[in-house]
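So that you can map any letter, position 105 of the sequence shown is 105 in this note's numbering, and since no number is skipped, the others follow by simple counting. Beta carbons: idealized from backbone N, C-alpha and C, even for Gly. Note that this is a predicted model, so its numbers are computed, not measured. What follows is a set of notes on a single structure, which appears directly below.
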Amino acid sequence: MSHQSIRVAGRMFESLRVPAFRDLWIGMLASYIGMYMGMVSRGYLAYEITGSATVLGIVTVASGIPMLLLSPVGGVLADMMNRRLILIHSQIFMVVSSFFIAALIHLDLIAIWHLAFFGLLQGILFTINMPARSSALPHLVGRPLLASAIGLTNSGRNLMSVIAPAIAGAVIAIPWLGTAGAFDISAFTYVCATFLMLRLPKSLAESREHAQVAFGQQMIDGFNYILTRRSLLVLLLLGLIPILFGMPLQSFLPVFQADVLHVGAVELGLLYSAIGIGGTLGSLIIAPLAESKHSHIMQLGTGVFFGFTLIAFAYSTSFTLSLIFIGLVGFAGNACTGLNSALLMLRTEEAYYGRVMSIYMMNWSLMTLFTLPLGMLVDNWGAPLITSAAAMGIVVFMGAAFVFFRDIREGQHHREELSVETGTATAEEGV
Numbered sequence: 001m002s003h004q005s006i007r008v009a010g011r012m013f014e015s016l017r018v019p020a021f022r023d024l025w026i027g028m029l030a031s032y033i034g035m036y037m038g039m040v041s042r043g044y045l046a047y048e049i050t051g052s053a054t055v056l057g058i059v060t061v062a063s064g065i066p067m068l069l070l071s072p073v074g075g076v077l078a079d080m081m082n083r084r085l086i087l088i089h090s091q092i093f094m095v096v097s098s099f100f101i102a103a104l105i106h107l108d109l110i111a112i113w114h115l116a117f118f119g120l121l122q123g124i125l126f127t128i129n130m131p132a133r134s135s136a137l138p139h140l141v142g143r144p145l146l147a148s149a150i151g152l153t154n155s156g157r158n159l160m161s162v163i164a165p166a167i168a169g170a171v172i173a174i175p176w177l178g179t180a181g182a183f184d185i186s187a188f189t190y191v192c193a194t195f196l197m198l199r200l201p202k203s204l205a206e207s208r209e210h211a212q213v214a215f216g217q218q219m220i221d222g223f224n225y226i227l228t229r230r231s232l233l234v235l236l237l238l239g240l241i242p243i244l245f246g247m248p249l250q251s252f253l254p255v256f257q258a259d260v261l262h263v264g265a266v267e268l269g270l271l272y273s274a275i276g277i278g279g280t281l282g283s284l285i286i287a288p289l290a291e292s293k294h295s296h297i298m299q300l301g302t303g304v305f306f307g308f309t310l311i312a313f314a315y316s317t318s319f320t321l322s323l324i325f326i327g328l329v330g331f332a333g334n335a336c337t338g339l340n341s342a343l344l345m346l347r348t349e350e351a352y353y354g355r356v357m358s359i360y361m362m363n364w365s366l367m368t369l370f371t372l373p374l375g376m377l378v379d380n381w382g383a384p385l386i387t388s389a390a391a392m393g394i395v396v397f398m399g400a401a402f403v404f405f406r407d408i409r410e411g412q413h414h415r416e417e418l419s420v421e422t423g424t425a426t427a428e429e430g431v
């Protein structure tokens, strides 16, 4: 391994040397285990009770609605309130709600409306929790280690998306545990996360200069901050297109498994694992490179690579090749989106971190809505054609961004990051 490779690999984990960030990161892993186990258990139980895919869809979508409607609210709260208390209280509510659902199952009193309400509550709590967690990163690690912290945060989330569902499935399959046991374990992971949040420094408080501004004005200021900064608008758009056109693929993997590859449930699990592992590596390796003066080219390049690997997967009829391609899809997709979120943070003033990242979160909620029309197209035209067409849209958009966005192409963003770091960023950024 070259000296350069060793240096880059070391930078991936630099932020873990900071004890407060280490607590936040481990607590985040515990929280994501609870979240993903809850999602799997909730869906399994909903279908077990009703046998209805429609009811399953309603229970699943319930947690996504708050992310679309309440993300700006969560961002304002993260910027104007004590982030430490937001993180602690949101975790406590998750502990209580998870134990409550577990108790209802143990007592054989569980009903579908309980699961839908729990999903809605979980969506609200994570919509409040996630902007606070994101905006806490610069305070805990400082700007020099911010890219490393973002990379570890994204990779940890991806890793838990692979591990936690597997744990949930194994627990549910054990007769004396079942879904009740899965919710018990989920609640316990939230207890662990809460304990770690209590260890965070009390200095993790509100932005003093904005603390006295009215809530509504805070929200308006957040939108104005983004609208008057072309670079942030461009980055949000560059993040939106791959998320809308590429990330819904995971919802259609069962279609590829059954109708294209003609394999079974075990192979479907391997496909999900491959995309999760690839995503973990992508966000872990690429995000720390956001500080590079060539990060603008890397973002466009990983986006183009994401599109081409999607096309390769869409038309592969070999399971072995599909497994390789889907791993590369996960790597490229999460590298692109992870780099995009890192660049957003690096180009945002600290007082606006929560609001900017909450609006970025809305991209992911829009993806949930966009999955429905894509699914209708897949039913009519087939998964390979629709997936490859969407992927080509990503490639074309990234190519057009290189041609038409001169500030991205010429690396103007890197100079602007330096100006934000030194507090000299201007309100208007030209081409």
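Note the first and the last residue of the continuous alpha helix (DSSP H) segment covering residue i.
i      : result
Asp79  : 65-80
Ala102 : 83-106
Val162 : 146-173
His294 : Note, His294: premise wrong, no alpha helix (DSSP H); not H, not E.
Gln122 : 112-141
Leu289 : Unbroken run through Leu289: none, as it is neither H nor E.
Thr189 : 178-198
Ala20  : 19-50
Gly333 : 319-346
Gly246 : 230-246
Counting only the same chain and skipping the five closest in sequence on each side, list residues whose C-beta sits under 6 Å from that of residue i.
i      : result
Thr189 : Ala30, Ile33, Gly34
Arg17  : none
Asn129 : Ser90
His413 : Residue placement at His413 is poorly supported in this model, since its pLDDT is 49, which falls under 50; the coordinates are not used for a value here.
Gly38  : Ser186
Ala170 : none
Ala434 : Missing from the structure shown is residue 434; the chain here goes from 1 to 431 and no further.
Val191 : Val95
Less than 8 Å between C-beta atoms, sequence neighbours within five positions excluded: which residues of the same chain meet that for residue i?
i      : result
Ile220 : none
Ser71  : Thr127, Pro131, Ser358, Ile359, Met361, Met362, Ser365
Phe26  : Reading off the sequence shown, one finds Ile at residue 26, where the question assumed Phe. Hits under 8 Å: Leu196.
Val162 : Tyr272, Ser273, Gly276, Ile277, Thr280
Glu243 : Sequence inspection shows Ile at residue 243; the Glu mentioned does not correspond to that position. The residues are Thr337, Asn363, Trp364, Leu366, Met367.
Please say whether residue j and residue i have beta carbons closer to each other than 8 Å?
i      : j      : result
Gly327 : Gly246 : no
Leu261 : Ser322 : yes
Leu198 : Ala136 : no
Ala147 : Ala342 : yes
Ile112 : Ala46  : yes
Ser41  : Ala166 : no
Ser155 : Ser283 : yes
Leu200 : Ala20  : yes
Asn340 : Gly239 : yes
Ile286 : Gly222 : no
Ile65  : Gly123 : yes
Leu145 : Ser15  : yes
Leu270 : Leu253 : no
Leu300 : Phe402 : yes
Ile226 : Leu233 : yes
Leu140 : Leu68  : no
Phe306 : Ile174 : no
Val263 : Ala383 : no
Thr153 : Ile88  : no
Apart from the five residues just before and just after residue i, which ones in its own chain have a Cβ nearer than 7 Å to its Cβ?
i      : result
Ala116 : Ile58, Val59, Ala62
Leu377 : Ile386
Thr309 : Phe325, Leu328, Val329, Ala332
Leu125 : Ser90, Phe93, Met94
Gly178 : Ile172
Ile6   : With a pLDDT of 45 at Ile6, under the threshold of 50, the predicted position of this residue should be treated as unreliable, though the coordinate-derived value follows. Taken in chain order, the list of residues that qualify is empty.
Met160 : Leu29, Tyr32, Ile33, Tyr36
Ala312 : Phe325
*Taking 8 Å as the threshold, find out whether the stretch 379-399 comes into contact with the stretch 86-99 through three or more Cβ pairs.*
Taking 8 Å as the limit for Cβ pairs, the verdict is that the stretch 86-99 does not touch the stretch 379-399.
Touch check for the stretch 356-375 and the stretch 81-95: three-plus C-beta pairs under 8 Å? Counting Cβ pairs under 8 Å, fewer than three are found: no touch.
Requested in this report: Could you say if the stretch 343-361 and the stretch 307-320 meet the contact criterion of at least three C-beta pairs nearer than 8 Å?
Outcome: With the cut-off at 8 Å, the stretch 343-361 and the stretch 307-320 do not touch.
Sequence ranges, alpha helix (DSSP H) only - wholly within the stretch 352-393, length at least 4:
Runs found: 353-381.
Between the stretch 360-369 and the stretch 275-283, do three or more beta carbon pairs fall short of 8 Å?
They do not touch, by the three-pair rule.
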